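Peer 1: Encoded as structure tokens, here's the structure I'll be asking about.
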Amino acid sequence: MVNREAIIRLENVYFFYERFCALAGVSMDFGANRITALIGPSGCGKSTLLRLLNRMNDLIDGTRVEGRVFFEEQDIYAADADPVEIRRRIGMVFQKPNPFPKTIYKNLVYAPKLVGISKKSELDDLVESSLRQAALWEEVKDILHRSAMTLSGGQQQRLCIARALAMKPDVILMDEPTSALDPISTAKIEELMDELKKRYTIIIVTHNMQQAARISDKTAFFYLGRMIEYTDTSRIFTNPSEKQTEDYITGRFG
Amino acid sequence: MEKKHTSSSYEQELQEVKEGLLQSGALVEEAIGKAVKSLVDGDTELAHAVISGDRRVDEIDIDIEERCIRLLALRQPAATDLRFIATAIKVNGHLERIGDMAVNIAERVVLLNDLPRIKPYVDIPRMADIARKMIRDSLDALVRQDLDLANRVRREDEKVDQLEDQITRELITFMMEDPRRIHPALLIMQVAKNIERISDHAEGIAHMVVFLITGRIVRHARSMGEEAP
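Chains as they are written, first to last, in my numbering: chain A, 4 to 257; chain B, 5 to 233.
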């Protein structure tokens, strides 16, 4: 079950917004069934990196990727790569909970229906298993047909995680998934991530360094579009090799 | 630590811990000096002053520990700062124990000064001078982040051990010659033993300085088959 091999591999990746180079020469592997945290000050390129892993940046005009991004050894920027299929297998959870203004049930079956699942029993099973994996089932099983907007922020975010899981992805990208949540909801999401990594690979961008320290196996520090240091989380936070990493995590920046 | 924290109060709190350690270090070093002087000069009053003076070291011990715990709770220190606070907690403990040992020495001196002197005290002050220098150098190494100096301190411990062995051998011959010398000889051995233990604590401080600078725990390097510093 536990596969420690790289599931995503970047080779000398550059990313441009028009002429602005947001990522410069990034090469790194993401281990399967691990939580990898990307940290760094605003504008360092970490969110850009996260978004290019499932081609979300395609949606922004004037952007360009150079270098190669492999997902299970397939170049996701190859001409014949299918962005829809890539986004199904590499799901994403955003900073602010963004459920559809529909019922909890419909939030979860929306995408599966689009890809052709129509049998009610199959959809029901998918709803239950996704909600269970997102540790939300017990709280919402009796209100599945109530609007998702009636849930608390923390519940909404877990619903968004469940919605990503409903597509049976291999990788879940998380962009500051708890920054809009209170500490208890944050703790629940963190606990959930630890459970999810048994089945999924998680890559998370976070500004909360204690969060990176608590939950991730490996941490990569970015600065000005470059990957400065990438190593075991326990090492980054006790004895980083690079001065810039040290200055950032100890609060000696700027 | 040339670059300062964005938070100046954090910077200040770390600085205060460092200053507390230096203050404690200066006090215990002085206590050892006075305890040995009270032996050499037969000055029992000075020995009593050492015993009562330890209260200040104990106060600083508690103060530093409380500051470190507060820093851990409120600042979530990482990297150098984390290693510094871990180091400070342990160095603080070493210094406090050194203070207690200076008291142990002074207590033996009070007894010894009432007994006939069986030998001139030459090696004891020599041992004490090395141990004091080890404390001073290990704290210097901490402040200056000087790995070479910390490693030199780690090597000094051996000299103190050798002097203690020498004193012990000498005292055994005294005791064999005349059983009336057994009591003072045992007290002198205890003084030597306490100085030897002080140098072990100074070595412990130097180990922590190596950890502070490199992140490596070298405390049991010898028993784990690594080469000497």
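Note that the Cβ used here is the ideal one computed from N, Cα and C, for glycine as well.
For clarity, every value in this text was computed on a predicted model and none was experimentally measured.
1. Measuring only the C-alpha atoms, how far is B/Ala92 from A/Gln213?
2. Please give the ranges of any alpha helix (DSSP H) in the segment 68-139 of chain B, keeping only runs that are unbroken, at least 4 residues long and fully inside the region.
3. What's the C-alpha gap between B/Pro120 and B/Asn96?
4. In chain A, what lies closer than 8 Å to B/Leu86 by C-beta?
5. Whose CA, out of B/Ala145, B/Gln19, B/Gly24, B/Gly37, lies closest to the CA of B/Met131?
6. Taking CB distances under 8 Å as the criterion, tell me whether A/Gln247 reaches chain B.
7. Should A/Thr270 be flagged as near chain B, meaning a C-beta pair shorter than 8 Å?
8. Helix, strand or coil: which one does DSSP assign to A/Lys1?
9. Is the segment 130-146 of chain B touching the segment 71-82 of chain B, taking contact as three or more C-beta pairs under 8 Å?
10. My output table needs one value for A/Glu8: the three-state DSSP class, helix, strand or coil.
11. For a minimum of 3 consecutive residues, which ranges assigned as the beta strand (DSSP E) are wholly contained in the segment 44-118 of chain A?
12. Would you mind telling me which residues of chain A sit closer than 9 Å to B/Thr10, beta carbon to beta carbon, in chain order?
13. Can the beta-carbon of B/Ala196 be found less than 8 Å from the beta-carbon of B/Ile128?
14. Given a threshold of 16 other Cβ atoms within 10 Å of its Cβ, counted over all protein chains shown, does A/Asn101 qualify as buried or as exposed?
15. Measure the alpha-carbon distance for A/His210 versus B/Ile217 and round it to whole angstroms.
16. Locate the alpha helix (DSSP H) running through B/Gly29, then write down its first and last residues.
17. Quick check on A/Asp250 - is its C-beta less than 8 Å from some C-beta in chain B?
18. Tell whether a beta-carbon distance below 8 Å holds between A/Asn110 and A/Ala138.
19. Are B/Glu207 and B/Arg140 closer than 8 Å when you measure CB to CB?
20. For the segment 175-194 of chain B against the segment 195-203 of chain A, are there 3 or more C-beta pairs whose distance is under 8 Å?
21. Could you spell out where the beta strand (DSSP E) holding A/Leu147 opens and where it closes?
22. Taking the alpha helix (DSSP H) that B/Phe215 falls in, what are its first and last residues?
23. Determine the closest residue to A/Gly156 out of A/Leu195, A/Leu117, A/Lys99, A/Lys123, with distance taken between C-alpha atoms.
24. For B/Arg239, which three-state DSSP category applies?
25. For A/Phe224 and A/Leu41, I'd like the C-alpha separation in whole angstroms.
26. Please name the residue in B/His52, B/Met228, B/Gln170, B/Pro124 whose C-alpha comes closest to that of B/Asn108.
27. Does the segment 121-140 of chain A come within contact of the segment 180-189 of chain A, defined as at least 3 CB pairs closer than 8 Å?
28. CB-CB under 6 Å to B/Ala154, same chain, minus the five flanking residues each way: which ones, in chain order?
29. Strictly below 7 Å CB to CB, what residues from chain A border B/Lys7?
30. Any Cβ of chain B within less than 8 Å of the Cβ of A/Met4?
31. For A/Asn6, which residues from the same chain have a beta carbon less than 8 Å from its beta carbon, with the 5 sequence-adjacent residues on both sides left out?
32. Would you kindly check if the distance between the Cβ of B/Leu143 and the Cβ of B/Leu50 is under 8 Å?
33. Helix, strand or coil, according to DSSP, for A/Glu249 in the structure here?
34. Measure the beta-carbon distance from A/Asn242 to B/Ala83 and round it to whole angstroms, keeping in mind my assumption that it falls under 8 Å.
35. Between which two residues does the beta strand (DSSP E) harbouring A/Arg229 extend?
36. Taking C-alpha atoms, which residue in A/Val29, A/Pro44, A/Ile175, A/Arg217 lies nearest to A/Ile207?
Peer 2: Taking the geometry as given:
1. Roughly 22 Å between the two C-alpha positions.
2. 83-116
3. Spanning the two alpha carbons is a distance of roughly 38 Å.
4. Within 8 Å Cβ-Cβ: Phe240, Thr241.
5. B/Gly37
6. no
7. Because chain A in this structure spans residues 4 to 257, residue 270 of chain A falls outside the shown range and cannot be described.
8. For residue 1 of chain A there is no data in the structure shown, the boundaries of chain A being 4 and 257.
9. no
10. coil
11. 66-74, 93-96
12. Gly254, Arg255, Phe256, Gly257
13. Contact flag set, yes.
14. exposed
15. Taking the straight line from one Cα to the other gives about 27 Å.
16. 12-44
17. yes
18. no
19. no
20. Segments in contact, no.
21. No beta strand (DSSP E) contains A/Leu147, which DSSP labels as neither H nor E.
22. 186-218
23. Minimum Cα distance to A/Gly156 is reached at A/Lys99.
24. Past the edges of chain B, shown from 5 to 233, lies residue 239 of chain B, and the structure says nothing about it.
25. 6 Å
26. When each option's Cα is compared against that of B/Asn108, the closest is B/His52.
27. no
28. Answer for B/Ala154: Ala145, Ala210, Val213, Val214, listed in chain order.
29. Those within 7 Å of B/Lys7 in chain A are Asp250, Arg255.
30. Since pLDDT at A/Met4 reaches only 35, below the 50 mark, its modelled position is unreliable, and no value is offered.
31. Since pLDDT at A/Asn6 reaches only 44, below the 50 mark, its modelled position is unreliable, and no value is offered.
32. no
33. helix
34. Confirmed, Cβ separation roughly 7 Å.
35. According to the DSSP assignment, A/Arg229 belongs to the beta strand (DSSP E) that extends over 229-235.
36. For the residues A/Val29, A/Pro44, A/Ile175, A/Arg217, the minimum Cα distance to A/Ile207 belongs to A/Ile175.
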